[in-house]
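Worksheet for the structure shown next.
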Amino acid sequence: MSGKVLNILNNKLVTNSEDETTQLGAEFSQIFLKAGNVVALYGDLGSGKTRFVKGICKGLGFLENVTSPSFTIVNEYATKSVKIFHFDFYRVSSASEIVDIGFDDYIYDEGICVIEWADRVRDLLPPGRYDIYFRLGDSDTCREIEITKINCDSI
Ligand SMILES: Nc1ncnc2c1ncn2[C@@H]1O[C@H](COP(=O)(O)OP(=O)(O)OP(=O)(O)O)[C@@H](O)[C@H]1O
Ligand SMILES: [Mg+2]
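Residue numbers (numbering that gives the first Met the number 0): 0 to 154.
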């Protein structure tokens, strides 16, 4: 395993601008992500989740605008090699809304699922996934980001 891989996982990483967070997302996606993976994002409003997703998309070759799918719940981005499903469950208030959009079908699809406010669907997440935690740092432009891989054998 390269030094970069060891450094990205299970460490408190600090970014000092939104571009650095986007760049981290791009590096993470290029090093780790493959078809069928699920990435669960946790953290307060404005902690950088969407900027990171933008980076994931960029890293995988999707260069168009990426914004939170707050009203539609899910956005779909297609690259040459993979589809990315971008969820935001901030406004979801009942489990039936999640079932209604066919969340389970997305999760077990060949696409990559990236989920903001994943704590709201914790019971519905697959056991093998990346869990990524975002925290506000000491200054306005500082964010702490921790990337973890759980149940590694199944992803
Ligand atoms: N180091 C940083 N990383 C990411 N964003 C930063 C950073 N510093 C400042 N920002 C600002 O913080 C905000 C992060 O917004 P973003 O939409 O990514 O947050 P979010 O976690 O997705 O919030 P929400 O829960 O509302 O969807 C942006 O306005 C961005 O400019
Ligand atoms: Mg967001």
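The C-beta atom is built at its ideal place from N, Cα and C for all residues, glycine as well.
Quiz prompt | Terminal residues of the alpha helix (DSSP H) in which K48 lies | solution = In the sequence shown, the residue the question calls residue 48 occupies position 49. From DSSP, the alpha helix (DSSP H) with K48 extends over 48 to 58.
Self-check item: Residue environment, D103, which counts as buried when at least 16 other CB atoms sit within 10 Å
Solution: Within the sequence shown, numbered from 1, the residue matching residue 103 stands at position 104. By the 10 Å Cβ count, D103 comes out exposed.
Quiz item: In its own chain, which residues sit with a C-beta less than 8 angstroms from the C-beta of T20, not counting the 5 before and 5 after it?
Solution: Here residue 20 is taken as the residue at index 21 of the sequence shown, counted from 1. Only T14, G47, R50, F51, G54, R142, I144 meet the Cβ criterion.
Practice problem: Can you grab the Cα-Cα spacing for the pair G35 / C112, in whole Å? | Solution: For the purposes of this step, residue 35 is taken as residue 36 along the sequence shown, with counting starting at 1. For the purposes of this step, residue 112 is taken as residue 113 along the sequence shown, with counting starting at 1. One C-alpha to the other measures close to 7 angstroms.
Exercise. With DSSP as the reference, label R121 as helix, strand or coil.
Key: Translated into the one-based positions of the sequence shown, residue 121 becomes position 122. Three-state DSSP puts R121 in a helix.
Practice problem: Using alpha carbons as the reference points, say which of F61, D99, L124 lies closest to Q29. | Solution: As a working mapping, residue 29 is identified with position 30 in the sequence shown. The residue with the shortest Cα to Cα distance from Q29 is F61.
Quiz prompt | As assigned by DSSP and simplified to three states, the class of L40 | solution = As a working mapping, residue 40 is identified with position 41 in the sequence shown. Three-state DSSP puts L40 in a strand.
Quiz prompt | Given I83 as reference, the closest of G101, G110, D122 once Cα atoms are compared | solution = The sequence position of residue 83 within the sequence shown is 84, counting from 1. When only C-alpha atoms are compared, the closest one is G110.
Quiz item: D18 lies in the alpha helix (DSSP H); which residues open and close that run?
Solution: Taking the first residue of the sequence shown as position 1, residue 18 is located at position 19. It spans 17 to 31 - the alpha helix (DSSP H) in which D18 sits, taken as one unbroken run.
Exercise. Give the straight-line distance between the Cα atoms of L44 and K79, rounded to the nearest whole angstrom.
Key: One-based indexing of the sequence shown puts residue 44 at position 45. One-based indexing of the sequence shown puts residue 79 at position 80. Their Cα atoms are separated by approximately 32 angstroms.
Quiz item: Between K48 and ligand 1, is the CB less than 7 angstroms from at least one heavy atom?
Solution: Position 49 of the sequence shown holds residue 48. Yes.
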